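Chemist: So that we are looking at the same thing, I have put the structure below in structure tokens.
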Amino acid sequence: MSKRQKTIASGQYQAVVMGVSAGGLLALSKILPELDADYPLPVLIVQHMRPDSDGFLWQHLDKLSRVIVKEAEDKEAIQPKTVYIAPPNYHLLVEPNRTLALSAEERVNYSRPSIDVLFETAAEVYQQGLIGVILTGANSDGTMGLKKIKHYAGLAIVQSPDSAEYDIMPCSAIASVAVDHIVPLAKLGHFLNAIAFGSLHG
Amino acid sequence: MNTELALENERLEIKLLLQAIFLKYGFDFRDYTSTHIKRRLDNRLGLSDLANFGQMQHRLIHDEAFFNELLLDLSINVTEMFRDPWFYNKIRNEVIPHLQTYPFIKVWHAGCSAGQEVYSMCIVLEEEGMKSRTQIYATDFNELILEKARAGIYPIEVIRDYTANYQQAGGKRSFSDYYSAQYEHVIINQELKEKVLFSSHNLVTDGVFGEMNIIFCRNVLIYFNKDLQNKVLKLFYDTLCPGGFLCLGSKESLKFTDLTDDFEVVAEREKIYRKKRRT
Chain P
17 MSKRQKTIAS
27 GQYQAVVMGV
37 SAGGLLALSK
47 ILPELDADYP
57 LPVLIVQHMR
67 PDSDGFLWQH
77 LDKLSRVIVK
87 EAEDKEAIQP
97 KTVYIAPPNY
107 HLLVEPNRTL
117 ALSAEERVNY
127 SRPSIDVLFE
137 TAAEVYQQGL
147 IGVILTGANS
157 DGTMGLKKIK
167 HYAGLAIVQS
177 PDSAEYDIMP
187 CSAIASVAVD
197 HIVPLAKLGH
207 FLNAIAFGSL
217 HG
Chain C
197 MNTELALENE
207 RLEIKLLLQA
217 IFLKYGFDFR
227 DYTSTHIKRR
237 LDNRLGLSDL
247 ANFGQMQHRL
257 IHDEAFFNEL
267 LLDLSINVTE
277 MFRDPWFYNK
287 IRNEVIPHLQ
297 TYPFIKVWHA
307 GCSAGQEVYS
317 MCIVLEEEGM
327 KSRTQIYATD
337 FNELILEKAR
347 AGIYPIEVIR
357 DYTANYQQAG
367 GKRSFSDYYS
377 AQYEHVIINQ
387 ELKEKVLFSS
397 HNLVTDGVFG
407 EMNIIFCRNV
417 LIYFNKDLQN
427 KVLKLFYDTL
437 CPGGFLCLGS
447 KESLKFTDLT
457 DDFEVVAERE
467 KIYRKKRRT
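Shown next, in the form of structure tokens:
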């Protein structure tokens, strides 16, 4: 499963960022409920969606999950055991003081929110303490961001293309980034628990 | 390469650059959200032949044309007519009836960008029979953008979206009544512009200029840090008449700000607030 040897110790990681597009509802409904109730890291998610989407996604995922799932709010302090979903029609960014920021600036990769915007800003703040995860999707948003996470010595994880409803996004990431782990959907929740709690030696 | 140190140095360079802009040109971006500023500057750096923000600072001090380009980068001018149609529905159905009770009203669009939301409100006021007793002030810190707003010329490709928004927002006529098409562009009708005064105003450095019945400032505060948000909200509070309305962007809120107890919530989703009357 692992492409490169990397020993992972508890406390090494400080945050998880996740990018997902087409097929996201199913993938997130599988992964997030598996996160431990005491999951020690914050999880920031960009799911591509229509600009006029309501709050169904985060409300649905919150019901299924043991961690808190909520919509990301501007200037909110980032907390562990919490999953933040980018609101429709806004980019989600991480500030150096570890708060969230929203932006209505131009679309990136035809997307707002854009995965690259979240990943790039989070990479600069958390650096080697960041885990980036690319899931199912039918475009290549997130690839540049994942590259940036690797540049700052963070950990790059991609859903295995054969377990993805749409494999373009995972394939794009794998093709241009030195990915650390390629993990099937069924094992991703457990995998993220193991990394966060330091019981995995990659 | 020590990436941590490189980032630290870059943050220092950006801080100095913003200081230089303030000292040389008087525009104050020092309390903007730092990630936002960095992304915009990064973008300009990539398009230029400059190697770093230190060089950019030198350039903008000596080259005003370059600075003016940068000024455009630093303001977000992404908007549409009747953006968030449900918001305008709420304005029509819940706010207009209150405004109708005044003999004359003043409206302020703070950070009006290229005027799309200003003209949207003009249309609502026209259709609700209030245009003749309204004065609208539309302000922005950027002169170039104000010029565009005054002109009211928009690319024809966006009209389909604007029309759909207008209809969803409870529009009562045909949207094409309000513009004329010329080749690749549409131009907003002169009658709609009559009651609008476009002028330069900087929310960060300028003060109160009149008593308003309603203020629109949507998707501006998200680019400010908390201190600056509080400062600008205080300016809005001081500007509004008792019972005056404040409209923010759909992901902006008075929650967690200094002013949260000074306003009542009119519509939570639409982010419409009302200044409390002193008891």
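Chains as they are written, first to last, in my numbering: chain P, 17 to 218; chain C, 197 to 475.
Ideal Cβ placement from N, Cα and C applies to all residues, glycine included.
Here the structure is a predicted model, which means the values were calculated and not measured.
#1: From C:Ile217, C:Ser446, C:Phe223 and C:Leu237, pick the residue whose C-alpha is nearest to that of glutamate 206 (chain C); which is it?
#2: Do alanine 172 (chain P) and glutamine 144 (chain P) have their beta-carbon atoms positioned less than 8 Å apart in this structure?
#3: Would you say glutamate 464 (chain C) reaches chain P, if we count a Cβ-Cβ gap shorter than 8 Å as a contact?
#4: Chain P partners of serine 230 (chain C), CB-CB under 7 Å?
#5: Let me see if you follow: with CB-CB separation under 8 Å, is proline 200 (chain P) close to chain C or not?
#6: Compare the C-alpha of leucine 241 (chain C) against each of C:Ala347, C:Tyr221, C:Glu209 and C:Tyr228 and name the closest.
#7: Look at aspartate 90 (chain P) and leucine 60 (chain P) and say whether their C-beta atoms are less than 8 Å apart.
#8: Within its chain, find whatever has a CB closer than 6 Å to the CB of glutamate 443 (chain C); leave out the 5 residues flanking it on each side and keep chain order.
#9: In angstroms with no decimal places, state the Cα-to-Cα distance between tyrosine 362 (chain C) and phenylalanine 337 (chain C).
#10: Using 8 Å as the limit for Cβ to Cβ distance, is alanine 117 (chain P) near chain C?
#11: In its own chain, which residues sit with a C-beta less than 7 Å from the C-beta of leucine 212 (chain C), not counting the 5 before and 5 after it?
#12: Return the chain-ordered list of same chain residues with a C-beta closer than 7 Å to the C-beta of threonine 115 (chain P), the five sequence neighbours on each side being excluded.
#13: Is the number of C-beta pairs between the segment 150 to 167 of chain P and the segment 33 to 42 of chain P that are closer than 8 Å three or more?
#14: With a CB to CB cut of under 6 Å and the five nearest residues on each side skipped, what residues in its chain are close to aspartate 280 (chain C)?
#15: Given a cut-off of 8 Å on the beta-carbon distance, is the pair proline 112 (chain P) and serine 69 (chain P) in contact?
#16: Find out if the Cβ-Cβ distance for the pair lysine 451 (chain C), glutamate 460 (chain C) is shorter than 8 Å.
#17: Nearest CA to the CA of leucine 134 (chain P): which residue from P:Gln63, P:Leu201, P:Gly205 and P:Leu109?
#18: Can you name the residues of chain P whose CB is closer than 9 Å to the CB of isoleucine 418 (chain C)?
#19: Answer with buried or exposed for proline 293 (chain C), where buried requires no fewer than 16 other C-beta atoms within 10 angstroms of its C-beta.
#20: Between the C-alpha atoms of serine 230 (chain C) and histidine 397 (chain C), what's the straight-line distance to the nearest angstrom?
#21: List the residues of chain P whose Cβ lies closer than 8 Å to the Cβ of asparagine 409 (chain C), in chain order.
#22: Closest to cysteine 437 (chain C) by CA distance: which of C:Lys286, C:Lys302 and C:Phe278 is it?
#23: Where does glycine 40 (chain P) sit, in a helix, a strand or coil, going by DSSP?
#24: Mind listing which residues of the segment 158 to 173 of chain P have their C-beta closer than 9 Å to chain C's C-betas, in chain order?
#25: Is it buried or exposed for leucine 431 (chain C), if we count other Cβ within 10 angstroms and need 16 for buried?
#26: Going straight from the alpha carbon of leucine 243 (chain C) to that of asparagine 264 (chain C), what length do you get?
#27: Please list, in chain order, the residues of the segment 128 to 158 of chain P that have any C-beta partner in chain D closer than 7 Å.
#28: Spatial neighbours of lysine 46 (chain P) within its chain, please: C-beta separation below 8 Å, excluding the five flanking residues on both sides.
#29: Report the neighbours of asparagine 398 (chain C) on chain P: residues whose CB is nearer than 7 Å to its CB, in chain order.
#30: Any beta-carbon of chain P closer than 8 Å to the one on threonine 435 (chain C)?
#31: Run through DSSP, which three-state label would methionine 277 (chain C) get?
#32: Give the single residue among C:Tyr298, C:Lys234, C:Ser376 and C:Leu388 whose Cα lies nearest to the Cα of isoleucine 410 (chain C).
#33: With a 10 Å radius around its C-beta and 16 neighbouring C-beta atoms as the bar for buried, classify glycine 222 (chain C) as buried or exposed.
#34: Residue range of the alpha helix (DSSP H) that serine 316 (chain C) falls in?
#35: Taking the C-alpha atoms as reference points, what is the distance between tyrosine 374 (chain C) and proline 67 (chain P)?
#36: Tell me whether isoleucine 383 (chain C) is buried or exposed, calling it buried when 16 or more other Cβ atoms sit within 10 Å of its Cβ.
Modeler: Per the coordinate set shown:
#1: C:Leu237
#2: no
#3: no
#4: Glu111 and Pro112
#5: no
#6: C:Glu209
#7: no
#8: In the sequence under discussion, the amino acid at residue 443 (chain C) is cysteine, which differs from the glutamate named in the question. Phe412 and Ile468, listed in sequence order.
#9: 27 Å
#10: yes
#11: If we look at leucine 212 (chain C) and ignore the five residues flanking it on each side, its Cβ neighbours are Gln253.
#12: Lys91, Glu92, Ala93 and Ile94
#13: yes
#14: Counting only Cβ-Cβ distances below 6 Å, and skipping sequence neighbours, we find Ser446.
#15: Not a contact, by the Cβ cut-off of 8 Å.
#16: no
#17: P:Leu109
#18: Per Cβ cutoff of 9 Å: Asp90, Lys91, Tyr106, Ala117, Leu118, Ser119 and Ala120.
#19: The residue in question, proline 293 (chain C), is exposed, as its Cβ has fewer than 16 Cβ neighbours within 10 Å.
#20: 22 Å
#21: Near asparagine 409 (chain C) there are no residues of chain P at all, since even the closest Cβ is about 26 Å away, more than 8 Å.
#22: C:Lys302
#23: helix
#24: Within the segment 158 to 173 of chain P, the residues whose Cβ lies closer than 9 Å to some Cβ of chain C are His167, Tyr168 and Ala169, listed in chain order.
#25: buried
#26: 15 Å
#27: Judged by its chain identifiers, the structure shown contains no chain D, and its protein chains are P and C.
#28: Leu201, Ala202, Leu204 and Gly205
#29: The premise fails here: asparagine 398 (chain C) is roughly 20 Å from chain P at the closest Cβ pair, so nothing lies under 7 Å.
#30: no
#31: coil
#32: C:Tyr298
#33: exposed
#34: 312 to 323
#35: 26 Å
#36: exposed
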